[in-house]
Amino acid sequence: MPIAPALRRAGVPSQTHRMDRDEVLLQQIDAKTYRQVQDLDVACEGDCVVVTGRSRTYYVKQLATQALQSSSPDIRIANEIVVVAS
Numbered sequence: 062m063p064i065a066p067a068l069r070r071a072g073v074p075s076q077t078h079r080m081d082r083d084e085v086l087l088q089q090i091d092a093k094t095y096r097q098v099q100d101l102d103v104a105c106e107g108d109c110v111v112v113t114g115r116s117r118t119y120y121v122k123q124l125a126t127q128a129l130q131s132s133s134p135d136i137r138i139a140n141e142i143v144v145v146a147s
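This note's numbering puts the first residue of the sequence shown at 62, with every later residue one more than the last.
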């Protein structure tokens with residue numbers, strides 16, 4: 062599974078490793094966005110990380126992308142966070 066080197070272990074990743082990696086990514090986004098993304102979820106699909114959830118601003122949506130890029134600059138990100146008015 063060719064993803065960013067910081068998120069890859071040697072060999073085929075186990076299901077536990079995938080859950081650990083997803084949890085780390087969720088924590089990074091939560092910290093960077095100050096927990097302002099509701100229903101936040103992260104899924105690694107091949108060499109792409111798909112981020113979903115809801116935010117009140119495009120700024121917070123961008124912070125989620127930056128959180129992932131800062132830890133692994135070469136990672137492919139599909140930011141599917143929906144911006145909703147409150």
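Backbone N, C-alpha and C fix where the C-beta goes; we use that ideal spot for every residue, glycine too.
Being a predicted model, the structure only gives us computed values, none of them experimental.
Gln99 carries a strand assignment under DSSP once its states are collapsed to helix, strand and coil. CA-to-CA, the gap between Ser133 and Val110 works out to about 11 Å. Relative to the Cα of Thr126, the nearest Cα in the group Cys105, Val112, Asp100, Gln99 belongs to Val112.
For Gly107, the number of other beta carbons within 10 angstroms of its own is below 16, and it is reported as exposed. The bridge partners DSSP lists for Val85 come to none. Note on Ser116: 16 or more other CB atoms within 10 angstroms of its CB, so buried under the neighbour-count rule. Apart from the 5 residues on each side of it in sequence, Leu87 sits with its Cβ closer than 7 Å to the Cβ of Leu101, Val103 in its chain, given in chain order. Thr94 places its beta carbon less than 7 Å from that of Leu124.
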